[in-house]
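One structure below.
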Amino acid sequence: MPELPEVENVRRSLSDALVGRTVESVRVRRRDVVHGSARPPDLLRGCRIRSVRRHGKQLALMGAAAHDRQVDRCVCVHLGMSGSLQAVPAHRRGGGPARPVPHTHVTWTLDDGTQVRFVDPRRFGGIWTFADSNELVQHRWRALGEDALVIRPGSLLQSFQRTQRALKPALLDQNLVAGLGNIYVDELLFNCRLHPLTPCRTLTLNRIQALVRCMRQLLHRATRCGGSTVRDYVDGHGRPGHFQNAHQVYGRAGQSCVRCRKPLRRQIVAGRGTVFCPGCQALGGR
DNA sequence: CACCACCCCTGGACGC
DNA sequence: TGCGTCCAGGGGTGGT
Numbered sequence: 014m015p016e017l018p019e020v021e022n023v024r025r026s027l028s029d030a031l032v033g034r035t036v037e038s039v040r041v042r043r044r045d046v047v048h049g050s051a052r053p054p055d056l057l058r059g060c061r062i063r064s065v066r067r068h069g070k071q072l073a074l075m076g077a078a079a080h081d082r083q084v085d086r087c088v089c090v091h092l093g094m095s096g097s098l099q100a101v102p103a104h105r106r107g108g109g110p111a112r113p114v115p116h117t118h119v120t121w122t123l124d125d126g127t128q129v130r131f132v133d134p135r136r137f138g139g140i141w142t143f144a145d146s147n148e149l150v151q152h153r154w155r156a157l158g159e160d161a162l163v164i165r166p167g168s169l170l171q172s173f174q175r176t177q178r179a180l181k182p183a184l185l186d187q188n189l190v191a192g193l194g195n196i197y198v199d200e201l202l203f204n205c206r207l208h209p210l211t212p213c214r215t216l217t218l219n220r221i222q223a224l225v226r227c228m229r230q231l232l233h234r235a236t237r238c239g240g241s242t243v244r245d246y247v248d249g250h251g252r253p254g255h256f257q258n259a260h261q262v263y264g265r266a267g268q269s270c271v272r273c274r275k276p277l278r279r280q281i282v283a284g285r286g287t288v289f290c291p292g293c294q295a296l297g298g299r
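In the working numbering, the protein residues as written are 14 to 299.
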């Protein structure tokens, strides 16, 4: 389940393989994963890739039409739960017709023979096409909150003050802060000793500052470790992450808390499986 | 506007 | 071995 650290690793690895290359052809196997125009030129055919951007959990391939450098193109990719975007170099595809990877919905072929494949078995992800970066921001990224790596305590304080919600559902809300998912919210709340059901309203600026520091540190550490591979996440080169080995609560229900040795509890919060330490993360805090 | 329940989807775990 | 059932979960949508 790609969250910010995983998506950032996909972004970096894809940048290596894509930036500066030109898209020679695009193949769409499932039209319904593409939102907006699925015409090959709108899916970057004939474009030179200028950059790979990220906001929260979303990626965007920014291209410039080769025949007219003024014409921009932009393809936004959301990996959802089970999506992956991998660049497979020509030499790794070998000579013979390798059996196709199931659920490969869109394939781009670059001028050096590299294939970029969007694979998404559960189809919780998708692809959105835009004329340029303005459209991307207007129609898709503007509604999102600030990216979790750059958000400042002040904006979080503002959001927290006008919501009645608990911390966990608020932090999972991409319109409030973009990039956190179930894994990193649980890890974050454990790190800063906050109960998932703490009402956002009750957090002082001081505690929000600590929360933001914790969040950046956690996300940076996880990113450096290549992200978390819980089931099948891999980056743009097919490499798994290893931050799952450093998880302190996620996936550890019933095991003992690394701080106080009490058993970790699992409870449904905001409809999501939530693991926390009832000892360290008391409601009301300390 | 704020919030929540519901639904989308597949593969893996588990029980018989 | 094989089949059925349950569950995970991001986020869009529609209802309250």
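Every residue, glycine too, gets a C-beta built ideally from N, C-alpha and C.
No experiment lies behind these values; they were computed from the predicted model shown.
Next on the checklist: When you compare the region 35–55 with the region 114–125, are there three or more beta-carbon pairs, one atom per stretch, that lie closer than 8 Å?
Outcome noted: yes
Next on the checklist: Can you tell me where the beta strand (DSSP E) holding H91 begins and where it ends?
Outcome noted: 85–91
Checklist entry - Between the C-alpha atoms of M75 and C293, what's the straight-line distance to the nearest angstrom? => result 44 Å
Checklist entry - Residues bridged to G139 by DSSP? => result H91
Next on the checklist: Taking the alpha-carbon of A100 as reference, which of Q128, P115, A78, R106 has the nearest alpha-carbon?
Outcome noted: Nearest option by C-alpha distance: Q128.
Checklist entry - Ends of the alpha helix (DSSP H) at L202? => result From DSSP, the alpha helix (DSSP H) with L202 extends over 195–204.
Next on the checklist: Between the region 172–184 and the region 43–57, can you find at least three pairs of beta-carbon atoms closer than 8 Å?
Outcome noted: no
Item to check | Span separating the alpha-carbon of S28 from that of G297 | outcome: 44 Å
Item to check | Among P134, C273, T287, nearest to G264 - alpha-carbon criterion | outcome: T287
Item to check | Cβ pair S95, R135 closer than 8 Å | outcome: yes
Checklist entry - Are V88 and A73 close, meaning C-beta to C-beta below 8 Å? => result yes
Next on the checklist: Is the separation between the beta-carbon of L180 and that of T211 shorter than 8 Å?
Outcome noted: Yes.
Item to check | M14 - DSSP class collapsed to helix/strand/coil | outcome: In the structure shown, M14 sits in coil (DSSP, three-state: anything other than H, G, I, E or B).
Item to check | Spatially closest choice to R58 from R67, A79, Q71, by CA coordinates | outcome: A79
Item to check | Simplified DSSP assignment, three categories, for P182 | outcome: helix
Checklist entry - Under 8 Å, do Q257 and S241 count as touching if we go by C-beta distance? => result yes
Item to check | Euclidean distance between Cα positions of G284 and A223 | outcome: Straight-line Cα distance between these residues: approximately 26 Å.
Next on the checklist: Below 8 Å on the Cβ atoms is my contact criterion, and I expect D248 with G239 to pass it. Report the Cβ-Cβ distance as a whole number of Å.
Outcome noted: 7 Å
Item to check | Alpha carbon of R66 to alpha carbon of L56, nearest angstrom | outcome: 16 Å
Item to check | Sequence-distant residues of its chain with Cβ nearer than 6 Å to G158 (five each side left out) | outcome: N188, L189, V190, A191
Item to check | Within the region 243–292, ranges of the alpha helix (DSSP H) (whole runs, at least 4 residues) | outcome: With a minimum length of 4 residues, there is no unbroken run of alpha helix (DSSP H) contained wholly in the region 243–292.
Item to check | Nearest-angstrom Cα separation, counted from R106 out to G69 | outcome: 31 Å
Checklist entry - So what does DSSP say about V225, is it helix, strand or coil? => result Annotated three-state conformation of V225 is helix, per DSSP.
Checklist entry - What residues are listed by DSSP as bridge partners for S38? => result According to DSSP, S38 bridges with T122.
Checklist entry - Any idea what DSSP makes of D102, helix, strand or coil? => result For the record, residue 102 in the displayed sequence is Pro; it is not Asp. Here P102 sits in coil by DSSP.
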